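Chains as they are written, first to last, in the numbering used here: chain A, 2 to 499; chain B, 2 to 499.
Here is the structure:
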C-alpha cells in the first residue's frame, strides 16, 4: 500500500516510530505497537506504529515519521512510500518464554539484546522482559549469557593488557568517594584502571558529578582510549543515553527499570560486570556498603550477592574480590560535588583537612587491588604512593588529560554563599547519622545540579559533641533552596546524640 | 523553572507527554519517564517526560508538548510555563507491590485503574502491572476488585431492568456467528440484550465486522441506549481505542497485552465481565469452544475457567452459565464478513441455504438464555420465534435502528469476483478441518478488511466427499491476494480425508 510521509520533526532517541491516523489503522487492520515495513526505492526499514486520533495536518493516507526513520530512508515531506505489515521479531517469543518462567538459551538472550540495541524491540516488549527477569529471576547461566550479550552488542574499550583493574560500589553511602583516590594510586603503580562512573540518580553526587568539579567526564571512546594509554587511568561518565555507550544495551534496560526502581538481581550483576568487561577489566574489587539506608541493607543479602558476583566472575574469567563494608554513615566530610572534590584533593595533597575515614578506606581498597594484581606488600605500596605525592601527581595528569585545571587548589572550588550552621542541642556522643536524610537535605539545597551546594560534616558517629558545636554546615547558591533545606531539617531528627 | 512551550502537533491518544532536550534533562536532573508539573496561570497538569537528543526547532529552555497537554493548558507556541518535578503517583507503589507478589487491596486496585483512566500512569508502568498479574496471578478477590474498578471508572449503559441478558464466546472457532441469531431471538422474546462485540484481532471476522456488512456498529453511548430502548437489543462495537468506551480501562490494558498476546487469567475474566457489568447485564451465557486451535484448548483448562467465571459472577451478583462446546471445526459455512452475514440472513429468513450447525447451536444457546430469564419451555419458544419469522422481524428493526438496510437480501451481499474452487483429491470421509489454516487463508485473501473476501465451505467434518467435489471456494476482490491464498493452500494440508 502506498502512503505519503510527513516529518513529525522529533526524535525518539532510538526506536523507529511511525504514526498513522486511526481510520487508516482500522483499514490496515493495524494495532498500536504493531510493526510495519516502509520501503522507499531499495531502502527499507521496520517501524513500530502508534495510532493517533489527531495529528495536525496529517490526513488519511499519510504516515507520520519520527526523525530516525525519516533520515534512515532519506525522505522528503510528501514522498510516497510502500507500507506493509511486518511480523514481530522472534525475540518477542523469547520474552514470552521468560514470562512463562522457562530458561532462555544463550542464543535466545543474545537475540533479545541484539534486537534491543538495533531498536527492533519496543519499550513495552522490553518492559515485559525486565518484569520476567525480576519476578522469575535469571539462572546463573542466563545471567552469564546476558552479561556476554550486553558486552558483545556494545562498544568496547580494547586494552590488550593482562591486568586491567576496576572497582565498583553498590551505592547508598554518602561521599564514599574512594574511586577518586584509588584510581590515581593504582594508575601510579603502573596498573591500568579505566574507570567508568555514573552520575547521581538519587544521591547528592555521583563519582562523575564530583570529578566534573575538576575536569570533563564525557569523551568519545577513542579519546578515552588515549587518556588511559597516556595516564593508565581515567574517570569518565558512560552516559545515561544508551545509543552512544560502552555496554549500551544495559543503559536502555536501566531507563526502563527506573520508573519502578527495579533491580532484578541477574540484571544488576550483568549490568555491573558488563560495564567492566566492556573496558577489558580483569581484576575487579566490589564494595558492598552495609547500613540502614544502603541499597543492600542486610548481611544475608550482601553475602548472597557476594557469592553471585564470584560465580559470575568465574564464568567471565575475571578475578573478583567482594568486600562488605560499613555503610552506616557518610565516609568523608563533604556531601555534594565541590565539597566531595575538596575532600579528595585534601587527601591527595596531604592537607590537614584530610578526612581520615575516607583516606583509610581508599588505601585499604587500593591495596586490595594492588594485591590482586600481584604487587607485594600492597598496603605499604599504596601508602607510599599516596604519601610521597605520586598519587597526586598522577591525579594531576588525569585531570589535565581530561581537560581540567590540574593545579586547582581545593579552596578554590566554590561553595554556595548561602549557608546554615546546624548546632548540637546538647552534650553527648553521636549515635547515628542518617545517610538518607542528609542526602535529602543536600539535594534540597541544590546538589548535584548546583555543584556548590551540599553539606560539610564536622562530626561523625562516636564523636563527642558539646551543646552549641556546629555539627554541620549546609551550602547553597540559592537562598530559597537553603530555606527549604532548613524547613526539612527542622522536621527531621537526622543526627542522634546520646 | 520557566520554559517556553512548543506544539509538537501530534496526539498521544491520551497520556500527557512532554519532550525536553537532553541537556535540559541533565540540568533538571530528570530521567526519561519521570513526571513534571506544568503550570500556566492557575491551570496545571502533570506530564510524563520523554527526552530527545534532537527536536527540530526545539532549542534549550523549550519544552515540546503533545496535543493533549497543549490543549489542556490552552497554550500558544512560545508561551512561558512553570516547570517543576513531580513525584510518581502512589499507584506505582502498588504496581511494585504486585510485582513482589503481594495481594492488592480493593483501594489499591481501584487507584491503579483510576490513574490508568486519567492517564496518570505511563504505558511502561502499566506494562509492569500486566506482567505482575500475568506471572503472579490475581486472587479471586483481586479479580473481583479489578472488575469493579474497570466498571466504576468507565462509561456505563444504564438500563434499569431486572433482567438484562448477555452472552460471550471465548474465541477460536471460525464463523460461529451465534450472536447474530441469539440477539434477535432474545430481544423478540421481550428480554433486553445490549450486545457489545469486538472486531477481529486474528480471525477473518469478528461479530462486529460481520454485522457491519448489514448496519453501522459504532455509536455514542446515548444512541446505543435509544437503540436498546426501542428494539430490546443492539450489536455494537465498543471500539479498540480506550478513551471513548464502556469499561474503557480494559481497552487500554488490552492494547498493552497485545504485543505479547498475554491473557493473564484474572484480567481475562475481569475484561469480559466488566464489559457485561458496564451494560448492566444480569444473566450471562458464556461459551467456551474447545478444539485443537481454540483459545482454550484442553478440557481441564476449560473447566477451571468455568469455575472461575461462576465464582466471579457470584461476587458480582450476576447469573452466569458456562457451556463448553465443540470448537473443532467452523460452525456455519461462510468465513469472512459478507459470507458470515449471508449465513445469518439465511437462517433468519428460513432459506434453504441455512447452515444447520449454526442454527442448532444458536437455538440451543438462545434457549439457555431464555431459560435463565425464567421463560418456560425455552427451546420451543426460541424455535417458535425463529421459525415464525419474529426473529427476522426483530433483526430488521435492529438493522434499521443501526442505520442499515433492513431489506437487504443475502445474495446482494457481494462476494469477491476472484474465486478459486478447491476440489477433493479422493473419495472418503472428512476427518479434520483446520480452523487455524482456514483462518490464515481467509485473511490472506483479504478478510476482514475486504468484506467480500473469505471462504465458503461445502462440507464439514464427517461428511462424505467424492473426488472432484468442490470442498470450498475462496473469494477475493484482489487477484494477487487470491494468488497468495492459493500458494498458501498448496503448502498446507488443511482438510484431512480418510
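Cβ atoms here follow ideal geometry from the backbone N, Cα and C, with glycine treated the same way. In this text the structure is predicted, and so the values were computed from the model without any measurement.
Out of curiosity, what's the CA-to-CA distance linking residue i and residue j?
{"i": "residue 29 of chain B", "j": "residue 4 of chain B", "result": "12 Å"}
{"i": "residue 461 of chain B", "j": "residue 222 of chain B", "result": "40 Å"}
{"i": "residue 114 of chain B", "j": "residue 216 of chain A", "result": "48 Å"}
{"i": "residue 87 of chain B", "j": "residue 268 of chain A", "result": "28 Å"}
{"i": "residue 345 of chain A", "j": "residue 396 of chain A", "result": "10 Å"}
{"i": "residue 283 of chain B", "j": "residue 277 of chain B", "result": "8 Å"}
{"i": "residue 273 of chain A", "j": "residue 167 of chain A", "result": "11 Å"}
{"i": "residue 293 of chain A", "j": "residue 76 of chain B", "result": "47 Å"}
{"i": "residue 193 of chain A", "j": "residue 163 of chain A", "result": "10 Å"}
{"i": "residue 400 of chain A", "j": "residue 171 of chain A", "result": "25 Å"}
{"i": "residue 493 of chain A", "j": "residue 434 of chain A", "result": "12 Å"}
{"i": "residue 241 of chain A", "j": "residue 376 of chain A", "result": "Residue placement at residue 241 of chain A is poorly supported in this model, since its pLDDT is 47, which falls under 50; the coordinates still yield a value, given next. One C-alpha to the other measures close to 35 Å."}
{"i": "residue 466 of chain B", "j": "residue 155 of chain B", "result": "52 Å"}
{"i": "residue 254 of chain A", "j": "residue 262 of chain A", "result": "12 Å"}
{"i": "residue 1 of chain B", "j": "residue 208 of chain B", "result": "For residue 1 of chain B there is no data in the structure shown, the boundaries of chain B being 2 and 499."}
On the DSSP letters alone, give me the boundaries of the alpha helix (DSSP H) that residue i sits inside.
{"i": "residue 372 of chain A", "result": "357–373"}
{"i": "residue 131 of chain A", "result": "124–137"}
{"i": "residue 435 of chain A", "result": "From DSSP, residue 435 of chain A is part of no alpha helix (DSSP H); its letter is neither H nor E."}
{"i": "residue 460 of chain A", "result": "Segment: none, residue 460 of chain A is in no alpha helix (DSSP H) and carries neither H nor E."}
{"i": "residue 146 of chain B", "result": "141–153"}
{"i": "residue 258 of chain A", "result": "249–258"}
{"i": "residue 385 of chain A", "result": "379–388"}
{"i": "residue 96 of chain A", "result": "92–100"}
{"i": "residue 222 of chain A", "result": "222–232"}
{"i": "residue 402 of chain B", "result": "391–402"}
Would residue i count as contacting chain D if we go by Cβ distances under 8 Å?
{"i": "residue 221 of chain A", "result": "The chain inventory of the structure shown lacks chain D, comprising the protein chains A and B."}
Which class does residue i belong to by DSSP, given the choice of helix, strand or coil?
{"i": "residue 449 of chain A", "result": "coil"}
{"i": "residue 241 of chain B", "result": "Here the model assigns residue 241 of chain B a pLDDT of 47, short of 50, so the residue's position is not dependable, and the following value carries that caveat. The answer is coil: DSSP assigns residue 241 of chain B none of H, G, I, E or B."}
{"i": "residue 479 of chain A", "result": "coil"}
{"i": "residue 197 of chain A", "result": "strand"}
{"i": "residue 341 of chain A", "result": "helix"}
{"i": "residue 211 of chain A", "result": "helix"}
{"i": "residue 529 of chain A", "result": "Lying before the first or after the last residue shown, residue 529 of chain A is absent from chain A, which here runs from 2 to 499."}
{"i": "residue 81 of chain A", "result": "strand"}
{"i": "residue 167 of chain B", "result": "strand"}
{"i": "residue 66 of chain A", "result": "strand"}
{"i": "residue 202 of chain A", "result": "coil"}
{"i": "residue 581 of chain B", "result": "The structure shown does not extend to residue 581 of chain B, since chain B spans only 2 to 499, so no value can be given for it."}
{"i": "residue 44 of chain A", "result": "strand"}
{"i": "residue 267 of chain A", "result": "helix"}
{"i": "residue 473 of chain A", "result": "strand"}
{"i": "residue 157 of chain A", "result": "coil"}
Which whole-angstrom value describes the C-beta separation of residue i and residue j, a residue pair presumed to lie in contact below a C-beta threshold of 8 Å?
{"i": "residue 147 of chain A", "j": "residue 96 of chain A", "result": "Contact flag wrong, Cβ pair sits at about 13 Å."}
{"i": "residue 205 of chain A", "j": "residue 444 of chain A", "result": "5 Å"}
{"i": "residue 34 of chain A", "j": "residue 260 of chain B", "result": "5 Å"}
{"i": "residue 356 of chain A", "j": "residue 368 of chain A", "result": "That pair is no contact at about 18 Å."}
{"i": "residue 212 of chain B", "j": "residue 186 of chain B", "result": "In fact, because the Cβ distance is near 15 Å, the residues do not count as touching under 8 Å."}
{"i": "residue 39 of chain A", "j": "residue 19 of chain A", "result": "7 Å"}
{"i": "residue 448 of chain A", "j": "residue 231 of chain A", "result": "Not confirmed; about 32 Å, so no contact."}
{"i": "residue 247 of chain A", "j": "residue 280 of chain A", "result": "7 Å"}
{"i": "residue 446 of chain A", "j": "residue 486 of chain A", "result": "4 Å"}
{"i": "residue 233 of chain A", "j": "residue 188 of chain A", "result": "4 Å"}
{"i": "residue 6 of chain A", "j": "residue 79 of chain A", "result": "7 Å"}
Grab the span of the beta strand (DSSP E) containing residue i for me, first residue to last.
{"i": "residue 8 of chain B", "result": "3–8"}
{"i": "residue 326 of chain B", "result": "320–327"}
{"i": "residue 288 of chain B", "result": "284–291"}
{"i": "residue 106 of chain B", "result": "Looking at the DSSP string, residue 106 of chain B is not in any beta strand (DSSP E), and its letter there is neither H nor E."}
{"i": "residue 420 of chain A", "result": "419–424"}
{"i": "residue 1 of chain A", "result": "A query on residue 1 of chain A cannot be resolved here, the shown segment of chain A reaching from 2 to 499 and no further."}
Does the beta-carbon of residue i, which I'm using as the reference point, lie nearer than 7 Å to any heavy atom of the ligand HEM?
{"i": "residue 220 of chain B", "result": "With respect to the ligand HEM, the structure shown offers nothing to examine, as it has no ligands at all."}
The stretch 312–327 of chain B in contact with the stretch 289–297 of chain B per 3-pair CB rule at 8 Å: Yes, the stretch 312–327 of chain B touches the stretch 289–297 of chain B.
Cβ contact check for the stretch 92–105 of chain A and the stretch 121–136 of chain A: 3 or more pairs under 8 Å: Taking a cut-off of 8 Å for Cβ pairs, the stretch 92–105 of chain A and the stretch 121–136 of chain A touch, as three or more such pairs fall below it.
Do the stretch 179–190 of chain A and the stretch 335–355 of chain A make contact, defined as three or more Cβ pairs closer than 8 Å? Judged by pairs of C-beta atoms under 8 Å, the stretch 179–190 of chain A touches the stretch 335–355 of chain A, as three or more such pairs exist.
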